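Here the numbering used here = 1-based position in the sequence shown + 144. Even glycine gets a Cβ: it sits at the ideal position worked out from N, Cα and C. Everything numeric in this text was worked out from a predicted model, so none of it was measured.
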Amino acid sequence: MKKYLVLLRYEFKTLVKDPMNLFMLIFPFVILLLCGWMIPAILQRAGASNGASAITLLISFALCETMGGYITGAMLGFSLLENRDENTLVSISVTPMSLKGYTLFKSIYAFIFSFLGNLVMVAGLKLFASDAYVIVYGGFTISLLGNISYFEIIIFSLVTALIVPFFGGLFSAVAKNKIEGFAIMKTGGLIIMIPMLCLLPAFAGGWQYAVGIAPNFWPMKALLNIAMGSTNSANINFWWYMAIGTVYQIALSAIALKIFLKKAEGH
145 MKKYLVLLRY EFKTLVKDPM NLFMLIFPFV ILLLCGWMIP AILQRAGASN
195 GASAITLLIS FALCETMGGY ITGAMLGFSL LENRDENTLV SISVTPMSLK
245 GYTLFKSIYA FIFSFLGNLV MVAGLKLFAS DAYVIVYGGF TISLLGNISY
295 FEIIIFSLVT ALIVPFFGGL FSAVAKNKIE GFAIMKTGGL IIMIPMLCLL
345 PAFAGGWQYA VGIAPNFWPM KALLNIAMGS TNSANINFWW YMAIGTVYQI
395 ALSAIALKIF LKKAEGH
């Protein structure tokens, strides 16, 4: 336990010096500023129609839901990849801290950052920009953030952060070097866009589960249903979405980290 506390103290000391830590600290506030102020202000200045404004705000809200876990996971992947390229992992493997223990520590550390980042983005939107996220959709006036409780945001933030080790392990296992890692991280962003298909009427019913192959679909859909006040009979309970998302994301994360560890040990 002592070795992990030493590593944690080191991470705290380099909080604003390490590029990964600094980025994970800043990006939730950047996204909050973008989605909470800039996008609504631009729509208002441009005099966007109700339909265009509603769609844009819906997409902004969905992006805010799905982005945190992916970005933090990408940063974790790059950090592990950098450790592997610089042979840091080889050095760790001969110390009292095992390679598995170090990887698990980094994953939990990134998970906590993602959880807090999700809270900043989604709870921040509710706290500071609820009035901007009132839309007219399907003939009804909907307060996207007014329908969601802070407790539901906390649960969502916890579950959606579980995807971090999956992306981190996957990117660091697949990429051969940091340059290739950057390329994979950029193209991998398409994965987090898949659940946004459920904003389309065609995926509002039973077809929504075809999108469920994307791990971030489950927590995103749970929160989106509450935000939209959806009563579609194909929907399941908020807690079922969260339970499935939890199991699915933990399983994927375990597999990805196992692949990374196997590759790192043979590097």
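Where residue i falls: helix, strand or coil (DSSP)
i	result
Thr247	helix
Asn227	helix
Lys320	coil
Ala358	coil
Gly349	coil
Ala378	coil
Gly212	helix
Asp162	coil
Gly290	coil
Leu201	helix
Ser301	helix
Ser274	helix
Leu396	helix
Leu344	coil
Ser258	helix
Gly268	helix
Gly373	coil
Cβ-based burial, residue i [other Cβ within 10 Å; buried from 16]
i	result
Leu177	exposed
Gln188	exposed
Tyr294	exposed
Ile186	exposed
Met211	buried
Met182	exposed
Ala317	buried
Ala190	exposed
Trp362	buried
Leu405	buried
Leu243	buried
Leu263	buried
Gly350	exposed
Leu367	buried
Ala378	exposed
Presumed contact (8 Å Cβ cut-off) between residue i and residue j, rounded CB distance
i	j	result
Lys320	Cys342	At roughly 35 Å, the Cβ-Cβ gap does not stay under 8 Å, so Lys320 and Cys342 are not in contact.
Val308	Leu220	6 Å
Asn360	Pro345	At roughly 21 Å, the Cβ-Cβ gap does not stay under 8 Å, so Asn360 and Pro345 are not in contact.
Pro172	Ala276	That pair is no contact at about 18 Å.
Cys208	Ile175	6 Å
Met164	Phe222	7 Å
Thr216	Met168	6 Å
Ile437	Lys270	Because the chain is modelled from 145 through 411, residue 437 falls outside the range shown and cannot be assessed.
Ala198	Tyr281	5 Å
DSSP bridge partner residues for residue i (one or two, in chain order)
i	result
Val280	Thr285
Nearest candidate by alpha-carbon position, reference residue i, set the options
i	options	result
Gly213	Met386, Ile186, Ile336	Ile336
Ser258	Val355, Leu405, Gly389, Phe300	Phe300
Leu288	Ile380, Pro163, Ile370	Ile370
Ile403	Ala348, Phe315, Leu306	Phe315
Arg153	Asn227, Lys250, Ile215	Lys250
Glu409	Ala190, Tyr246, Met211, Leu166	Tyr246
Leu201	Thr232, Gly261, Val278	Val278
Gly332	Lys270, Ala190, Asn291, Ala358	Ala358
Ala305	Ala218, Leu405, Phe205	Ala218
Gly389	Ser377, Phe222, Tyr353	Tyr353
Asn291	Ser274, Met329, Ile203	Ser274
Asn136	Arg228, Phe347, Leu269	A query on residue 136 cannot be resolved here, the shown segment of the chain reaching from 145 to 411 and no further.
Ala400	Leu302, Phe310, Ile215	Phe310
Lys313	Trp362, Ile323, Ile394, Gly283	Note that residue 313 is Gly in the sequence shown, not Lys. Residue Ile394 is the option with its Cα nearest to Gly313.
Ala387	Thr285, Glu230, Val280, Leu302	Leu302
Phe284	Tyr385, Ala398, Ser397, Met372	Met372
Leu149	Ser197, Arg228, Tyr253	Tyr253
Phe326	Cys179, Glu226, Gly180	Glu226
Ala206	Lys161, Gly180, Leu248, Phe272	Gly180
Lys407	Arg228, Ser204, Asp162	Arg228
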